[in-house]
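Q: In the numbering used here, each number is its position in the sequence shown, counted from 1, plus 67. For glycine and all other residues, C-beta sits at the position ideal for the given N, C-alpha and C. Below is one structure. I have some questions about it.
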Amino acid sequence: MINASTKNLAVDMLLDLLKIYSPPRRERQAIEVLKKYAEELGYEYIEVDGAGNLIAGYGEGNTILASVGHIDTVPWEIPVKFDGYTVSGRGAVDAKGPLVAAFIGFALAKDMIDRKRFKVYAIAAVDEEGDSLGAKHLLKSGFRADGLIVSEPSNGNGVVVGYRGSMRIRIVCTGSGGHSSSYSEDSACEKLISIWQRLRSNYGVIDVKRNTASLLKLFCG
């Protein structure tokens, strides 16, 4: 059972992070605030790595357990509000809320874990909404975990064992030049539209078990 002081800490921690605007490449201030909370929570070693990720941990075992969440948010600010029950603000769900839960949860588990057997990390990664520089740096630096929780929202009440990812594809078509007043049998724009229509017919479904396609940008000229 989580006591009132822990609940108050969670609210204060989340509100403090939400008040800091932290889009990709601008996370440093939020990282510093979270670092102070990690110290308060009793993590034994805390560092900010070369990419700007905050890594807090304890234990000295060979089996590594970790939680990784991201502290950056998509651009645009939303007023931070707390009505005594609900917290709102940019990043409350994606993903400062889950990040706070992970840092507090792993800290609470400290006295329940065999620290001679396990090494536990709570990680706040940067640039997830950008080019994932934080996650890439972790992998390049050799970080690996035997058990990993990704602190992302799911809208579910249980453990989520899979998550939809995305792959961006850029398609470039060429055609013959000409004046816009004349009909062209070799239009690059029409080629792009034709390709998208075929993609849409094959992948234009709402089904979590199937691949789907979304058109993000279309430039013709």
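Closer than 6 Å by C-beta to Val-147: which residues in its own chain qualify, once you throw out the five before and the five after it? Chain order, please.
A: What you label residue 147 is simply residue 80 of the sequence shown in a count that begins at 1. Closer than 6 Å at Cβ, skipping near neighbours: Leu-85, Lys-86 and Gly-156.
Q: Does the region 207-222 touch the region 127-143, meaning 3 or more C-beta pairs lie closer than 8 Å?
A: Verdict: yes, contact present.
Q: Cβ of Ile-190 within 9 Å of Cβ of Gly-242?
A: Here residue 190 refers to the residue found at position 123 of the sequence shown. Here residue 242 refers to the residue found at position 175 of the sequence shown. In this structure, Gly-242 does not lie closer than 9 Å to Ile-190 by Cβ.
Q: Should Asp-253 be listed as close to the ligand ADP, given that the test is whether its C-beta is under 8 Å from any heavy atom?
A: Of the ligands one can find in the structure shown there are none, so the ligand ADP has no counterpart to examine.
Q: Between which residues of its own chain and Leu-169 is the CB-CB distance below 8 Å, once the five residues before and five after are set aside?
A: As a first step, residue 169 is located in the sequence shown; it is residue number 102 there, counting from the start. Note on identity: in this sequence residue 169 is Ala, with Leu being the wrong assignment. Excluding sequence neighbours, Ala-169 sits near Ser-134, Gly-136, Ala-189, Ile-216 and Ser-218.
Q: If you compare alpha carbons, which of Val-78, Arg-265 and Asp-274 is closest to Ile-171?
A: On the sequence shown, position 104 is the one that residue 171 refers to. If we check each option's Cα against that of Ile-171, Val-78 comes out closest.
Q: Quick check on DSSP: helix, strand or coil for Ser-243?
A: In the sequence shown, residue 243 corresponds to position 176, counting from 1. Of the three classes helix, strand and coil, the one that applies to Ser-243 here is coil, per DSSP.
Q: I think Val-141 touches Glu-196, with their Cβ atoms under 8 Å apart; what is that distance to the nearest whole Å?
A: To locate residue 141, count along the sequence shown from 1; it is residue 74. To locate residue 196, count along the sequence shown from 1; it is residue 129. Yes, they are in contact, since the Cβ atoms of Val-141 and Glu-196 sit about 5 Å apart, within 8 Å.
Q: Where Gly-244 and Gly-229 are concerned, what is the direct C-alpha to C-alpha distance, given to the nearest angstrom?
A: Mapped onto the sequence shown, residue 244 falls at position 177. Mapped onto the sequence shown, residue 229 falls at position 162. Approximately 47 Å, taken between the alpha carbons.
Q: Over the uninterrupted beta strand (DSSP E) stretch that includes Ser-134, give me the two end residues.
A: Reading the sequence shown from its first residue, position 67 is the one you call residue 134. Here the beta strand (DSSP E) through Ser-134 covers 130-137.
Q: Report the rounded CA-to-CA distance for Cys-256 versus Arg-267, giving the unit in angstroms.
A: The sequence position of residue 256 within the sequence shown is 189, counting from 1. The sequence position of residue 267 within the sequence shown is 200, counting from 1. Straight-line Cα distance between these residues: approximately 16 Å.
Q: Here's the rule I'm using: 16 or more other beta-carbon atoms within 10 Å means buried, otherwise exposed. How should Pro-220 be labelled?
A: Taking the sequence shown and counting its residues from 1, one reaches residue 220 at position 153. Classification for Pro-220: exposed.
Q: Can you list, in chain order, the residues of its chain with a C-beta nearer than 8 Å to that of Lys-186? Leave out the 5 residues immediately preceding and following it.
A: If you number the sequence shown from 1, residue 186 lands on position 119. The residues are Gly-124, Tyr-125, Gly-126, Glu-127, Gly-128, Asn-129, Thr-130, Ile-131 and Leu-132.
Q: Go ahead and label Leu-101 buried or exposed: buried means 16 or more other beta carbons lie within 10 angstroms of its beta carbon, across all protein chains shown.
A: Along the sequence shown, one-based indexing puts residue 101 at 34. By the neighbour-count rule (16 or more Cβ atoms within 10 Å), Leu-101 is buried.
Q: Count the other C-beta atoms from every protein chain shown that fall within 10 angstroms of the C-beta of Ser-261, then say buried if there are 16 or more, exposed otherwise.
A: In the sequence shown, the residue the question calls residue 261 occupies position 194. Burial call: exposed.
Q: Taking Lys-73 as the reference, which of Ala-97, Ser-233 and Leu-108 has the closest Cα?
A: Start at 1 with the first residue of the sequence shown, and residue 73 comes out as number 6. The sequence given here has Thr at residue 73, not Lys. Selected option, being the one with the closest Cα: Leu-108.
Q: When the Cα atoms are used, what is the spatial distance from Asp-139 to Ser-199?
A: Your numbering for residue 139 matches position 72 in the sequence shown. Your numbering for residue 199 matches position 132 in the sequence shown. Roughly 10 Å between the two C-alpha positions.
Q: Taking the alpha helix (DSSP H) that Ala-280 falls in, what are its first and last residues?
A: Your numbering for residue 280 matches position 213 in the sequence shown. Premise fails: Ala-280 is in no alpha helix (DSSP H) and is neither H nor E.
Q: Ends of the alpha helix (DSSP H) at Tyr-270?
A: Against the sequence shown, residue 270 aligns to sequence position 203. Per DSSP, Tyr-270 belongs to the alpha helix (DSSP H) from 255-270.
Q: Quick check on the DSSP output: the alpha helix (DSSP H) that includes Phe-185 runs from which residue to which?
A: Your numbering for residue 185 matches position 118 in the sequence shown. Per DSSP, Phe-185 belongs to no alpha helix (DSSP H); it is in the beta strand (DSSP E), 185-192.
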